[in-house]
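Colleague: Chains as they are written, first to last, in the numbering used here: chain V, 337 to 795; chain S, 1419 to 1843.
Cβ atoms here follow ideal geometry from the backbone N, Cα and C, with glycine treated the same way.
Handing you this structure, nothing more for now.
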Amino acid sequence: MKKTQLKQVAVNNNQIKYTLANGGIFVKLSLVFMGISNIKYGQLIKGLGFLFWELAFIYYMISPGASSLHNLITLGTTQQSMVKDDTGMFVVMQGDNSMRLLLGGVATLLIIVIFVFVWVSSIKSGLIVTNLHKNNKRIPTIIDDIESLFDKNIHKFLLFVPIVGLIALTILPLVYMILMAFTNYDANHQPPGKLFDWVGLDNFRKLLTSTDTLGKTFWPVLEWTIIWAIIATLSCYFGGILLAVLISSKKIRFKKMWRTIFVLSMAIPGFIGLLLLRQMLTSNGIVNILLQNMGFISGPLPFWTDATWAKVSILIANFWIGIPVTMLLTSGILVNIPADLYESARIDGATPVKIFLKITFPYIFFITTPTLITSFIGNINNFNVIYFLTAGAPLNLHYFQGAGSTDILITWLYKLTMQNGAFCYASTIGIVVFLISATFSLITFRRSGAFKNEEGFQL
Amino acid sequence: MRIIGIKKEYLLPILIFGFLPFILLLFPFININESSEHLLGFQFLNKIMQEISDKGLSMSYLIIVAIMLIIPSIILVASIISFLRPGKKILYFMIGMYSLEVFGFVVSLLSFKATVDAAKFFEVGFLVKYLSMGYWLPFLLVPIGLILTMKSVKVSPGYIVLTVMAAIWLFPTTWLIISSLRSEGGYYIGYLIPKKFTFNNYIDIWTDTSHWQFARWFRNTTIVAVCNMIISTLLVLATSYVMSRIRFKARGKLMSFFLIVGMFPGFMSMIAVYYILKVFGLNNSLAALVIIYSSGAGLGYYVAKGFFDTISKTLDEAAYIDGATKWQVFIKIIMPLSKPIIVFTILGAFMAPWGDFMMPRIILGTNIDNYTVSVGLYSMLVKEEINGAWKMFCAGAVCIAIPISVIFLYLQKFYVDGLSGSVKG
């Protein structure tokens, strides 16, 4: 019974426009004084809540909000400087901190967005309660509202914390960093000493045209990023499939043991495994020592110190991590390939190679295409492998200061922020990386039926 | 006569391969000096024999004699027997012998330089390139003999590939464990097998706080991991349940939104996060780490959602008819049916801080007291410290790797679901 009583009248945008135009004075007032309809029709606490929100917002906008919006546009006007004080001594005069101002501005923007959201929902809430009153239905009390958070509106309750966390610590920083791509916040414009300012698309221009050292770094780094991602993805993909097929072939026993041996390299924390591989291949590392002890070489091999060697070493060291991943993934798929396919192929006299090429591989490929693309994107963003193995070394003198021959975009981004303090370029690269990843993701998700046909798949 | 389980056509080649090592003793084995003056196989063997009678038997001499003479003889005898009276047992025995021979060749490569240099056969230091056909041909032929024997009794040669790969894959971890048990030297030592084993590195890393605060890092990481485990699990389960079961207006948009946000490179925003936390005075603290890990937890809802999707909706509907609220359905119906995915989420959230490096590195800055295990261990490997810290690093890494690996192996299945992008529903 209660449920039907509480069933609220659905409100869509046309209705809102209509009611606002023709509604009573309170409806119109609620545009300015949020929650006033709620208060009038008995939802005192809810209405006061809306009103409190509005007052708090206005208070915020008067005290720091408006000025922070203004500062977002100027990014500060007074630079920190030395001035003579009364006694004739030079003292530091604090200037504006562009970084703080930008952050504050973005926060204010977000608060405004949130306020608009609350404002719209307060209007809707007011309309609903007005309609209920008109139709002589029971007005939900605050207790009803709280109860609905556990039932009809449970998504608002359960998603509240995750979304607040997301806004505060992912969206806000992300918007902040994206905006930074349009400023000149580099080593020469470091707050608090110096101001930085909006420069429009200058950073993109510098990065993409090859006259600047930035451009001369960006294109080779992008090229290596793509080469690395393609080779790393494909080699580990095919290597893993072959390994999985080998282990799951009928003649091999102790399957679980073999699998565990390889999976072990995924199981130990990534940074430990990568640091081990790095230390193994240094000039004093165990591999060089053993090779010298065996008499294969008379001096250490430059695994990490020569650009070409380092690139090949990274690709090979990546096998150790990457092949087991595909192996583990495809093992499960192999079990699901219908046995009668193999049976009939064998009766027709197909060789094992032919069976693999015509049955096993197409089957696996069909299922794992999304994974293949996901792991390609993962490799474009594979900070850990590059950072722990070489950290971009060896340094390349033709590159922007600090960047090395094995740097991929994402490690260069890191260096630009942590070493060069060139946040603007780092953000620009971040956007480029996002565009690349997003393009590939879109292709994947467009193609995978699972995403499109979501409802159909459920039991 | 036909014997079940043996392919007779392989027996003759096996016999021929049995003789080959002895013929190859007549080939040049090793170059004595740069002008390619060489010793034949049997001459070299003769020299080794002389050395043995002069100086007594040592391990490295024994290996050379074994791979050149003893094991080939046994294989020859066995191949003659198997040719005359084919039987599975003798062929299995030969597989064993061949494997031993391959292994012997690999070990001989490791010990050759030491042996030859010690015996002072020639003036210049030994390099592998001085070895000649008499060594390399048997090296190549032995695996072929092994494959033939395996094929004759229908044992898959795939074992050879697997064994070699397994050896390569286990090498780094083996090296880690061996180094952690080594008593002498630092990082810069010129050999693999320790001269003396000890457990002291393990005791030192936990108790010796003069240089490295491993116990403290461990405590810090445990705190972060446990807090993250509790908060993240709640958030992930809540988000997944809503995305799987509740149909609300903004759902589609929200899911696309999560997807897009997840595509930005993670630490593009890290620096900004650092400054935001600084505003609240939380930078350099463990609480900051917990907050960051948990705040992103909602984005990782895919696996759990995929699991919830597989739970039949008719259960929910039956409960609704009986008057249950959605909250009750979530707590009393979905949760009890989802124990595996809850375990996965809990353990996954617990594991994450142990392996993560970048976030603590940026957030904790120079605050050594709050270092987590990954940042701490990494700091032990800088150039100035590595020689002294290497063995302790290995011990510490083993202490972390074992529990994490066990959890991972336990969670394998779910990991696969996660990898395959489990957007099942």
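#1: Using beta-carbon positions only, say whether G551(V) and T545(V) come within less than 9 Å of one another.
#2: Within a Cβ cutoff of 6 Å, which residues of the same chain sit near K1831(S), ignoring the five residues on either side of it in sequence?
#3: Is there a Cβ from chain S that is less than 9 Å from the Cβ of R436(V)?
#4: Ignore the nearest five residues each way along the sequence and tell me which others in S777(V)'s own chain have a CB closer than 7 Å to its CB.
#5: Determine, for K751(V), whether the minimum Cβ-Cβ distance to residues of chain S falls below 9 Å.
#6: Quick check on the DSSP output: the beta strand (DSSP E) that includes P1381(S) runs from which residue to which?
#7: At a Cβ threshold of 9 Å, is K488(V) touching chain S?
#8: Which parts of the segment 547-594 of chain V are runs of the alpha helix (DSSP H), unbroken and 4 residues or longer, counting only runs that do not cross its ends?
#9: Return no unless some Cβ of chain V is closer than 9 Å to the Cβ of V1708(S).
#10: Tell me whether R1663(S) sits in a helix, a strand or coil according to DSSP, three-state version.
#11: Thinking just about the alpha-carbon of each residue, which of M397(V), N489(V), S484(V) is nearest to the one in R1665(S)?
#12: Distance, Cα to Cα, F1435(S) vs I577(V)?
#13: Buried or exposed, going by whether 16 or more other CB atoms sit within 10 Å of the CB of A443(V)?
#14: Could you tell me whether the Cβ of A523(V) comes closer than 9 Å to any Cβ of chain S?
#15: Against K1744(S), what residues of chain A qualify as contacts under a CB-to-CB distance less than 8 Å, listed in chain order?
#16: Since A603(V) meets chain S, which of its residues come closer than 9 Å, beta carbon to beta carbon?
#17: Which of the residues in the segment 1576-1597 of chain S, read from start to end, lie with their CB under 9 Å from any CB of chain V?
#18: Under a CB-based cut-off of 9 Å, is Q615(V) close to chain S?
#19: For the alpha helix (DSSP H) containing M1477(S), name the first residue and the last one.
#20: Taking G606(V) as the reference, give the member of G1604(S), F1826(S), V1721(S) with the closest Cα.
#21: In this structure, does DSSP put Q1830(S) in helix, strand or coil?
#22: DSSP on G792(V), reduced to helix/strand/coil?
#23: Nearest to F1445(S) by CA position, among M1486(S), L1430(S), P1431(S), is which residue?
#24: Would S1570(S) pass as an interface residue toward chain V - the criterion being a Cβ-Cβ separation below 9 Å?
#25: What does a CB cutoff of less than 8 Å around F486(V) pick up in its chain, not counting 5 residues either side in sequence?
#26: Given this structure, state the Cα-to-Cα distance separating F1544(S) from K1531(S), to the nearest angstrom.
#27: Whose Cβ in chain V lies nearer than 8 Å to the Cβ of K1531(S)?
#28: Which residues bound the alpha helix (DSSP H) around N489(V)?
#29: Contact criterion: CB-CB distance below 9 Å. Does G1839(S) meet it with respect to chain V?
#30: How would you list, in chain order, the residues of chain S whose beta-carbon sits under 8 Å from the beta-carbon of A774(V)?
#31: Give the DSSP bridge partners of T519(V), in chain order.
#32: Nearest CA to the CA of V1747(S): which residue from V1660(S), L1652(S), N1701(S)?
#33: Using three-state DSSP, classify V1824(S) as helix, strand or coil.
#34: Roughly how many angstroms lie between the CA atoms of Y1609(S) and N1464(S), to the nearest whole one?
#35: Return the CA-CA distance between C760(V) and D548(V), expressed in angstroms with no decimal places.
#36: Evaluate the contact criterion for the segment 1579-1598 of chain S versus the segment 1779-1794 of chain S: three or more CB pairs, one atom per stretch, below 8 Å.
Modeller: Concretely, from the data shown:
#1: yes
#2: none
#3: yes
#4: Here the set comprises I713.
#5: no
#6: Only positions 1419 to 1843 of chain S appear in the structure, and residue 1381(S) is not among them; the question remains open.
#7: K488(V) belongs to the set of residues whose beta carbon lies under 9 Å from a beta carbon in chain S.
#8: 549-584
#9: no
#10: helix
#11: N489(V)
#12: Roughly 34 Å separates the two Cα atoms.
#13: It counts as buried.
#14: Judged by the 9 Å Cβ criterion, A523(V) is not in contact with chain S.
#15: Absent from the structure is chain A; the protein chains it does hold are V and S.
#16: Chain-order list of chain S residues neighbouring A603(V): A1819, I1822, S1823, V1824, I1825, F1826, L1827, Q1830, by C-beta distance under 9 Å.
#17: G1576, Y1577, V1579, L1580, M1583, A1584, I1586, W1587, L1588, F1589, P1590, T1591, W1593, L1594, S1597
#18: yes
#19: 1477-1483
#20: F1826(S)
#21: helix
#22: In this predicted model, G792(V) has a pLDDT of only 45, less than 50, meaning its place in the structure is not dependable; the value taken from the coordinates is given anyway. Helix, per DSSP.
#23: M1486(S)
#24: no
#25: F493
#26: 6 Å
#27: N629, M630, G631
#28: Looking at the DSSP string, N489(V) is not in any alpha helix (DSSP H), and its letter there is neither H nor E.
#29: With a pLDDT of only 48 at G1839(S), under 50, the local geometry of the prediction cannot be trusted, and the value read off the model is given with reservation. Taking 9 Å as the threshold, the shortest C-beta distance from G1839(S) to chain V falls below it.
#30: I1678, M1681
#31: W534(V)
#32: Ranked by how close their Cα comes to the Cα of V1747(S), the residues V1660(S), L1652(S), N1701(S) have V1660(S) in first place.
#33: helix
#34: For Y1609(S) and N1464(S), the distance between alpha carbons rounds to 29 Å.
#35: 15 Å
#36: no
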